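Each step along the sequence shown adds one to the number in our numbering, with nothing skipped, and position 147 is 153. Backbone N, C-alpha and C fix where the C-beta goes; we use that ideal spot for every residue, glycine too. Nothing here was measured: the structure is a model prediction, and the numbers come from that model.
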Amino acid sequence: PLFAALVGVGARLEAEWLGRGRAVPRALVRAAALCGAAWLTGLFGAAVVNVLAHLAVLTVLMALLAALPLAAHLVLAVLAGGGGLLLAATSTADVVDRLVPLAQALGLSRATLTPWVSAFLTDGPYRLPLFLAWALLGAVLVATVHGTTTAAPARRARLTGLAWAAGGIALAGVVLALSRTQTGAAPVPYTATPAEALLDTGLVLAVLGACAALAPRRAGLLAVPGAMTLSVYVAHLWYLGWVRRLGPGPWRSATGADDTWFNLAVLVVGALLLPLLWRAVVRVGPFRAGPLEGVVRLLTAPFDRAR
């Protein structure tokens, strides 16, 4: 959910800064890069459901929608969220039945359509309509924090960010309390129930709001790792695929899974140190941002804002 919301934040800022004419082709390049990274990481054998293909589709959708008014984003977020929950509650076979006539008109068979519907709409664990809802909320949040010119006063931006964070914490707290009262447990992750979706929404708003309120003064601490997220994600999946092939050790749980505190520490430390080490070696040029980010920057350079 947070990845999806950040796609919306970036799309809104880019549309305001560059205009739709430049933002859309840049998004297409990034989407192609995400698809390439999804193919590459699929070779690593990590026991992780890859989110990059979903983010690629979302990147293009948000580039097309980013310039819409804030009210339109809110309405679309509600529709996407509601539609996502409805699809998740519907069997894949039923959804495929409804889409078969359209698919056949496009030359697609039922056998071809079914796994895509399952992966992107119904079975998850990532569902594109819910991702779109979170991305649209991210666009709304950044628009209210920075205004339509991205030049709102710093104090107002901080207060708006705090308001979003407080609202997100309140929403998540209420959902958790109700879930524990009714079921005795927190909502189950990746199930796409209303409670789980609302809890995720509250947490996303809390994190983004807190970042908007607190991060500007400390942006330098996070700017380097934040500029290299794609390369870091790919490195994470390489590492998780590698440890699956190792024998017993702190990187394997008693059941043989890779969800251990040791691996979490390696991933967190690696996410912070890898970009810093890269910047220490590559000091200039587009590849300073990261190995994969450098390729993307080269390909999107023709669509940069005229200087």
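Simplified DSSP state of residue i, which is helix, strand or coil
| i | result |
| --- | --- |
| Val194 | coil |
| Leu340 | Here the chain has residues from 7 to 313 only, and residue 340 is not among them. |
| Gly291 | coil |
| Tyr159 | Reading off the sequence shown, one finds Pro at residue 159, where the question assumed Tyr. Pro159: coil per DSSP, three-state reduction. |
| Ser185 | helix |
| Thr154 | Residue confidence for Thr154 is low, a pLDDT of 47 falling below 50, so the modelled location carries little weight and cannot support an answer. |
| Arg116 | helix |
| Gly130 | coil |
| Ala203 | helix |
| Gly247 | helix |
| Arg303 | helix |
| Thr266 | coil |
| Ala277 | helix |
| Arg258 | coil |
| Asp100 | helix |
| Ala95 | coil |
| Ala233 | coil |
| Val296 | Here residue 296 is Gly; the residue named in the question, Val, does not match the sequence. Looking at Gly296 - three-state DSSP - the assignment turns out to be coil, as it is neither helix nor strand. |
Contact set for residue i: own chain, Cβ-Cβ below 7 angstroms, skip 5 residues either direction
| i | result |
| --- | --- |
| Ala163 | Val151, His152, Ala218 |
| Leu243 | Thr47, Phe50, Ala52, Val54 |
| Ala4 | Since the first residue shown for the chain is 7 and the last is 313, residue 4 is missing from the structure and cannot be characterised. |
| Asp264 | Ala53, Leu246, Val249, Arg250, Trp257, Arg258 |
| Val148 | Val15, Arg18, Leu19 |
Own chain, CB closer than 8 angstroms to residue i, minus 5 neighbours either side, in chain order
| i | result |
| --- | --- |
| Gln188 | none |
| Thr154 | A caution first: Thr154 carries a pLDDT of 47, below 50, which makes its placement in the model unreliable, though a value can still be read off. Closer than 8 angstroms at the Cβ level, and outside the excluded window around Thr154, lie Glu22. |
| Gly291 | Gly300 |
| Leu119 | Val102, Leu105, Val106, Ala109 |
| Thr128 | Leu93, Ala94, Thr96, Ser97, Thr98, Val101 |
| Ala233 | Pro281, Ala295, Gly296, Glu299 |
| Arg161 | none |
Neighbourhood of residue i by C-beta distance below 6 angstroms, restricted to the same chain and skipping five residues each side
| i | result |
| --- | --- |
| Ser259 | Thr266 |
| Gly90 | Arg133, Pro135, Leu136 |
| Cys41 | Ala62 |
| Gly247 | Phe50, Gly51, Ala52 |
| Glu202 | Pro193 |
| Ala59 | Ala44 |
Continuous alpha helix (DSSP H) assignments of at least 4 residues falling wholly in the region 51-76: Entirely contained in the region 51-76, the alpha helix (DSSP H) runs reaching 4 residues are, in chain order, 58-71.
contact_flag[the region 11-27, the region 55-69] where n(CB pairs < 8 angstroms) is 3 or more: Segment contact: the region 11-27 against the region 55-69, three or more CB-CB distances shorter than 8 angstroms; contact assigned.
The region 107-116 contacting the region 126-144, beta-carbon criterion three pairs below 8 angstroms: Note that the region 107-116 does not touch the region 126-144; fewer than 3 beta-carbon pairs, one per stretch, sit closer than 8 angstroms.
Segment contact, 8 angstroms Cβ cut-off, at least three pairs: the region 202-213 with the region 169-176: Flag = yes, the region 202-213 and the region 169-176 touch.
Contained alpha helix (DSSP H) runs [length at least 4] in the region 7-54, N- to C-terminal order: The alpha helix (DSSP H) runs of length 4 or more contained entirely in the region 7-54 are, from start to end of the chain, 8-24, 26-47.
Inter-stretch contact at 8 angstroms, needing at least 3 Cβ pairs: the region 80-91 / the region 266-278: The answer is no - the region 266-278 does not touch the region 80-91, with fewer than three Cβ pairs under 8 angstroms.
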